[in-house]
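A.B. asks:
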Amino acid sequence: MRQKVKMVILMVLCLSMIAGSTAIAETPYRTYTVDGYGYVLETQSAYNPASAITKVGETSFVTPMDMAIGNDGNLYIADAGAHVVMVSTVGGDEVRMIGEGTLQSPTGVFVSDDDKVYVADKDAKKVFVYDLEGTLLNEYGKPDSPIYGNSMDFKPIKVVANNTGTMYVICEGNMNGIVQISPVDGGSFLGYFGTNYTSLSPFQILQRLILTDAQRAQMLSNIPSTPTNLHIDEDGLIYTVTQGDKDMALKKLNIAGKNLLDSDPYWADLPAAVTTGQYHNMLVADSDGYIYEYNEEGELLFMFGGRDDGRQRIGLCNKVEAVAVDASDRIYLLDSDKRQVHIFEPTEFTNLLHEALYLFSKGRYTESKEPLEKVLQMNSMFDYANQAMGHAYLQEENYTEALRYFKLAKSADGYSDAFWEVRNIWIRNYLVAAVAAIVAASVALSLYKKRQRIKYGENGAPAYFSQRVPLLGTLRYSLHFMRHPFDGCYGVKREGRASIACANILLAAYILVSIIEKYFSGFLVKTVREGRYDIISDIGTVLVIFFGLTLCNYLVVTINEGEAFLKELYCAYAYCLTPFIVIKPFVVILSNVLTYNEVFLISFANIIVLVWMLVLLLISVKEMNNFSVKETAKALALTAFTVLILSLLICIIYVLFSQVIDFISSVLREVVYRIGS
Amino acid sequence: MEAKVDMKKTGKGLIKFGIAVLAIIVIVAVAVAASKSGGKDSLNVSELQTAVNAPEAALSDGAVDTSRQLDGHHLVAANDTYELYLYEPALSIIVKNIKTGAVMESTVRDEERLGNVNETWKGFLQSGIVVELQEETNTMQKKLGLEGSGAQVNVELIPGGFRAKVDYPTQELGFETEVKLYDDGSITACIPERSIYEHADNKKIGNIYVFPLLGNSRLGEKDGYMFVPDGNGALIYLDDKEGRFDSGYVQKVYGSDIGVGESYVLSLLWGRYETHNDAEMILAPVYGMVHTGDEMGYLAVIESGDEEASIYATPNGAYSDYNWITAAFRKCTTYIQPTSNSGGSVTKVTDRIKYDINVRYMFVDGEDADYTGLAKRYREYLLEKDELVRVEDSFKVRLDFLGLDVENWMLWKKDVPVTTVDNIREMYADLEKEGVTDILSLYKGWQDGGIYDLPVTTYDVAGGIGGAGDLSKLMDECEQKNIDFYLFTDGVRANTETGNTTFDTVKKMDKRLYTQNTYQNVYREFVYWTPQKTLENLNTLQKNLAKKGVNKIALSVIGNTLFTYTMGDTMQTRGVSKYLYEEALRQTSENMDLMLEAPVECYWQYAKAIVDMPIDDSDYIYTDQSVPFLSIVLKGILPMYGDYVNFEANEREYFLKLVETGIYPSFYLTYENPSELIYTNSSHVYTSQYTVYREQILRYYNELRQISELTKNSMIDEHEITDTGVIIVTYDNGVKLYINYSDAELKADDVTVPALSYVARVNNELTGIAGMGVDEG
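Here the protein sequences come in this chain order: A and B. Position 380 (the first sequence) corresponds to 379 in numbering that gives the first Met the number 0; numbering is contiguous. Position 621 (the second sequence) corresponds to 620 in numbering that gives the first Met the number 0; numbering is contiguous.
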């Protein structure tokens, strides 16, 4: 261990000599992180470009394809074009060349903990094993096991090995998975590992059902992609990256080949290589020069880098082939297009985060607070740190602070847990007072009602005013409609118990309540981002849908001998919204005091509201038009069809209209151009 | 049948209607275009030719023996130190230092040494002046040397040098050039605009390179370096690069030209996020070549045509075996004119951009033949020319405040105040208690509507930060406490959502509106005011501020943005922007104290200080060393403030860099937690809370102030890097600063410098402030 530390110090020394005074420049790339909503934010530079190796000693790279860091701190670079594995210090000085004369096209290199150098040679169709001095120890060709497949070629492109010497080899053109070879008996085939699977989209399934065999043969075959690159950590977990697999580009496989990561939307588009750091952090290098750093669970911490495209700045790459991390967290990126190795140094910020990451993963939450606080001081919007702080406070039973941090981190699970505790304390403290208050309030209410009855007669104030103000009467009727829809419809149709004004008010109330629900629901059930408002489109959506449906329905029922007028339908449908208006406000209030344990109450209430409205709607259609059940069903089906046609029509008109606009603007541009010239 | 007829009728009707509409559109468009083209606003060249105020140096016009030969060149001018030789057919010059015998050549005469280069590059390497020919609308321009291209060169010797008339008969174009030697060791080369002619319709001068190979060296044959003005300054060593690089440094002086839409690759992450940071730009129109072994070097200053120049510094291995550095002058350029929305376009060529080309090569020798020498020479030059005025230079810590930004709320925008006037007062009081009194502040986002409510033309203070009365009061208090309190605004950009930007906004060469994408949520894009309008806006603002007694203003963007644009259908060059901006800044500086954000050289004289001074270079793969060239030029003359310390991920190194460059520290502060800003356009400010930075401000203040006391009002005399890696900065009052960036203790002279620290030495006595406050961790 001491040896290792010394080595690190030595390397730090070397590097600071190389880097000289050029480390402070603004990085050529920006660094991003992701907040709790999945929103991408800028942050301090996580790693700064330090230097670049353009040559090993006097030798330039030809086609460098892979790179590994040995325990000696040296870089092992497999150069397929130079047919050799170059061993270089991090300063770019040549240590030695391995495999001169033997290697034909080394595309993968791996240095194991017991100091063996594994080289995958695509053209030699072999995996070679050397010691650090470059002496060939072993070579493994195509497995002769029948399970491997006689017709299957053996073209190893990447290789890693675990501490028992079992090799995991990615072979070109072998879709079965990673080839697992044991070193015993000159290399025995153990089977395939970490196979990628394909999935069919519903559309593809449909396609396969309809198409003929001949047509199907012409489609792109749906075969699983071979992993692009792999890595093994000290626990023997295998990490693979696969290009073209959007959902599961990065996999962390245990010894049984089971993936331990969930799908995450922040994968690299074109992952080229993967490695792990000292804190179980994972680093994925994108072929386009982006580097992604994830924590153990696969949550994105940083994303930085980018394509060089002629900018010629250190830290930007064109085609990344390999990534490696050394003992002092420096990242090495191998670029086969620029034929360089770029070296990145972690910044103070990243060092703090790594420390916190380490403590946090060990469950030492309280200790992790100190580095986390520093991280948050440097960037208070770094949500990963907010979330970790929340957990730390939760452990310390400081629930209000935990709640604050979880809310900042947008971490619903954490928030729910903390809120449960906070509510618990509140209930303990104020339960008696609250019950007393409720009792007092209900007594006061009944007293008030009594007085009202004395003043306004037996039915109380509502009935009193309803009789005198017609609008109030019709509004009050909506409550009746809600409970007695058959009777209600009769009232609307025959007795004139509804009015347009009243329907407008109900519709407005519906819009209001739906806006309140959207923006003022509790943290756990809220679906929109805090602070995001888009009222106009909220209102617009409701109006368009409501009026569209009403109109389509009216058009359909009139040609189906329905008896209802447009006005009556509008009123009846508006009345159908009453359950929403009456019940939702309570749901919204409730959502602010519930945790995930009770959140089913809200879903339950939502279902009730929905079903109630649907039932009212069905009954209204039937009763207002004096339809039979069969006719109702037919009318509804036709309405759905009409809506479809209408939306199609709107689409077509929109497309045509935009063509016209495009045409006019083209003419204008042409005119400007002609006049200009 | 009837229905069909009807259809036909309606169809015809529609067509007629369509034609009518089109006709109207065309007529209106023609009318609009015609009315605009008659506009008065285009400036002509004569207005722009501000006389080049050359330093007072006598022309070396003594008679010389023109028959004296050197490598096929004959002598044309000489003074006590330098001789100028010329080889007429190629306009190749050799500059010889008489005292040391060192020479610098401007071409490669020796065919054998040329190596495997193609004809084009051969012509380039062997010509004193190279023209890039713009044929038709080809986007690739063809290089024309002198000897191999059929060019005719007629040389006439004039006192102090020569005049050459260069004609390209095949291409029907030509120009004259004049080269003169002065007694102060400088050589000027100029190509006046009036001498340029282009008779063919389809052949134009694209770029002109003036003495592209002056001071060239082959592979690693000479010790020395090329100096490029990238950021604060950078060097490219003249060692053998062994073919590592296939291109070199190319940058436009004063930054890129948004008006021509120079092609660049925009690679967005996930199709949405811009992941690249721009490279540092060239703030001063200079470049240099030093042969340290021969103790000879020059600094080239582009005296005229700087705004259209690009600097090329090419190490060996890229294109040829030679190291060369030069400026190329753009005389016309191509741009893409879109003709339809679906991607249709044609390539067009601009008219000739009219300006004189004038480059001054100032030679240095002996001890001055290094980058410090070049910087000192440049400093003298600027002071002599009055382009730099010495301002009292006393240490101040820069504390900028962000007042208010806005976020979307319901249908409107909601104010998000993060630092009110009262907050600032409180912070000042708190700092005063700790002894922090020398402060300079820029207040950003003080205007109604927040920091991005642009343009600002009145003293309309946001209510959310305390209103106009309170802000004025604060400024009075600052005046008494000797705090420099500047109101910040953006001189160039306009917000399409908060102001009327229908007129007077910048249209690119393709006559499309220029829009700058913010990649943010509240305001998605900005446009630029035309320089004419900027001038007008600034004048209005100035008057309105003066009425309220405000006399300090800080401007961003205007100091480092130049572009080609169109007005009506006339091209307005970068020279026009430069002229109008300079006018605006001159007028502003006459009435107010002016602070500029990273301004280019031509505006330095108007500023009381420079903020956001680049502290380093852009870290290109082919640059070998970063040097504080601009710091050496400006230290002790004009106060410089750096970028914000907040966003530095490596604080300790940044601190040392401030010590090395003499740049004063800057902090961006808010009183509230910056998480308030997450939904505003200022969401990139992720760390700024005062309470977080309080300790750091105190530390930086106390320590840097002590160093600044030692070096107060003195200039940097020498800057060197020892073999051990220690950087030694010597001031002209004898103070020496030793800086160690490495993680280990280092020795230099007889001084031991602790790891990541520095030592100051006054009159050979080590002072006690060495690195005491540098943070551990």
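Where is the CB? At the ideal position from N, CA and C, for every residue including glycine. Everything numeric in this text was worked out from a predicted model, so none of it was measured.
What does DSSP give as the partner residue(s) for ILE290 (chain A) in the beta ladder?
C.D. replies: A:ALA284, A:PHE303
A.B. asks: In whole angstroms, what separates the C-alpha of ALA284 (chain A) from that of GLY305 (chain A)?
C.D. replies: 10 Å
A.B. asks: Return yes when the C-beta of LYS251 (chain A) is under 8 Å from any heavy atom of the ligand COA, and no when it is not.
C.D. replies: Ligands displayed in this structure: none; no statement on the ligand COA is therefore possible.
A.B. asks: I'd like to know if GLU298 (chain A) contacts chain B, where contact means its C-beta is closer than 9 Å to some C-beta of that chain.
C.D. replies: no
A.B. asks: Throw me the rounded Cβ distance for the GLN688 (chain B) and ASN672 (chain B) pair, which I believe falls under 8 Å.
C.D. replies: 5 Å
A.B. asks: Let me check one thing: in DSSP terms, what residues is GLU600 (chain B) bridge-paired to?
C.D. replies: In DSSP, GLU600 (chain B) forms no bridge with anything.
A.B. asks: Give me the DSSP bridge partner(s) of ALA553 (chain B).
C.D. replies: B:PHE487, B:MET594
A.B. asks: Step through the CB atoms of chain B and report whether any lies within less than 9 Å of the CB of LEU332 (chain A).
C.D. replies: So, not an interface residue.
A.B. asks: Specify, as a first and last residue, the run of the beta strand (DSSP E) that PRO105 (chain A) falls within.
C.D. replies: 105-110
A.B. asks: Measuring CB atoms only, is the region 359-372 of chain B touching the region 406-418 of chain B, in the sense that at least three cross pairs come out at less than 8 Å?
C.D. replies: no
A.B. asks: Compute the Euclidean distance between the alpha carbons of THR349 (chain A) and PHE381 (chain A), then round it to the nearest angstrom.
C.D. replies: 12 Å
A.B. asks: Does any residue of chain B bring its CB to less than 9 Å from the CB of VAL671 (chain A)?
C.D. replies: Chain B, which has a Cβ nearer than 9 Å to the Cβ of VAL671 (chain A), makes this yes.
A.B. asks: Would PRO337 (chain B) count as contacting chain A if we go by Cβ distances under 9 Å?
C.D. replies: yes
A.B. asks: Can you name the residues that DSSP bridges to ILE97 (chain A)?
C.D. replies: Under DSSP, the beta-bridge partners assigned to ILE97 (chain A) are A:VAL84.
A.B. asks: When the Cα of HIS73 (chain B) is compared with those of B:TYR605, B:THR291, B:VAL94, B:VAL460, which residue comes out closest?
C.D. replies: B:VAL94
A.B. asks: Residues bridged to ASN423 (chain A) by DSSP?
C.D. replies: Answer is none; ASN423 (chain A) lacks a bridge partner.
A.B. asks: Is there a Cβ from chain A that is less than 9 Å from the Cβ of TYR663 (chain B)?
C.D. replies: no
A.B. asks: So, at 7 Å on beta carbons, what are the nonlocal neighbours of ILE156 (chain A) in its own chain, with the 5 sequence-adjacent residues on each side left out?
C.D. replies: THR106, GLY107, ALA119, LYS121, ILE169, CYS170, GLU171
A.B. asks: Measuring only the C-alpha atoms, how far is ASN590 (chain B) from ASP60 (chain B)?
C.D. replies: 44 Å
A.B. asks: Please work out which residues of its chain come closer than 8 Å, Cβ to Cβ, to TYR458 (chain B), disregarding the five sequence neighbours upstream and downstream, and give them in chain order.
C.D. replies: ALA467, ASN543, LEU544, LYS546, LYS547, VAL549
A.B. asks: Hey, is the region 264-282 of chain B in contact with the region 342-349 of chain B, meaning 3+ C-beta pairs nearer than 8 Å?
C.D. replies: no
A.B. asks: What number of angstroms, rounded off, separates the C-alpha of MET639 (chain B) from the C-alpha of ALA493 (chain B)?
C.D. replies: 28 Å
A.B. asks: Using the DSSP secondary-structure output, state which residues sit across from TYR75 (chain A) in a beta bridge.
C.D. replies: A:ALA67, A:VAL86
A.B. asks: At a Cβ threshold of 9 Å, is PHE522 (chain A) touching chain B?
C.D. replies: At a cut-off of 9 Å between beta carbons, PHE522 (chain A) makes no contact with chain B.
A.B. asks: Kindly indicate the opening and closing residues of the beta strand (DSSP E) around ARG492 (chain B).
C.D. replies: Residues 492-494.
A.B. asks: I'd like to know whether the C-beta of ASP568 (chain B) is nearer than 9 Å to at least one C-beta of chain A.
C.D. replies: Interface residue, yes.
A.B. asks: Run down chain A in chain order and give the residues with a C-beta less than 7 Å from the C-beta of VAL691 (chain B).
C.D. replies: Result: GLN376.
A.B. asks: Using the DSSP secondary-structure output, state which residues sit across from GLY160 (chain B) in a beta bridge.
C.D. replies: B:ILE157, B:LYS179
A.B. asks: Are the C-beta of THR457 (chain B) and some C-beta of chain A separated by less than 9 Å?
C.D. replies: no
A.B. asks: Leaving out five residues before and five after THR473 (chain A) in sequence, what residues of the same chain have Cβ atoms less than 8 Å from its Cβ?
C.D. replies: ARG496, ALA497, SER498, ALA500, CYS501
A.B. asks: Where does SER802 (chain B) sit, in a helix, a strand or coil, going by DSSP?
C.D. replies: The structure shown does not extend to residue 802 (chain B), since chain B is modelled only from 0 to 776, so the question has no answer here.
A.B. asks: Do PRO416 (chain B) and ILE352 (chain B) have their C-beta atoms closer together than 9 Å?
C.D. replies: no
A.B. asks: For ILE677 (chain B), which option in A:SER50, A:ASN70, A:GLU41 has the closest C-alpha, if you only look at C-alpha atoms?
C.D. replies: A:GLU41
A.B. asks: Buried or exposed: which applies to PHE16 (chain B), given that a residue is buried once 16 or more other Cβ atoms fall within 10 Å of its Cβ?
C.D. replies: exposed
A.B. asks: On the DSSP bridge list, what partners appear for VAL94 (chain B)?
C.D. replies: B:LEU83, B:MET103
A.B. asks: How would you write the range of the alpha helix (DSSP H) that GLU431 (chain B) sits in, first residue to last?
C.D. replies: 420-432
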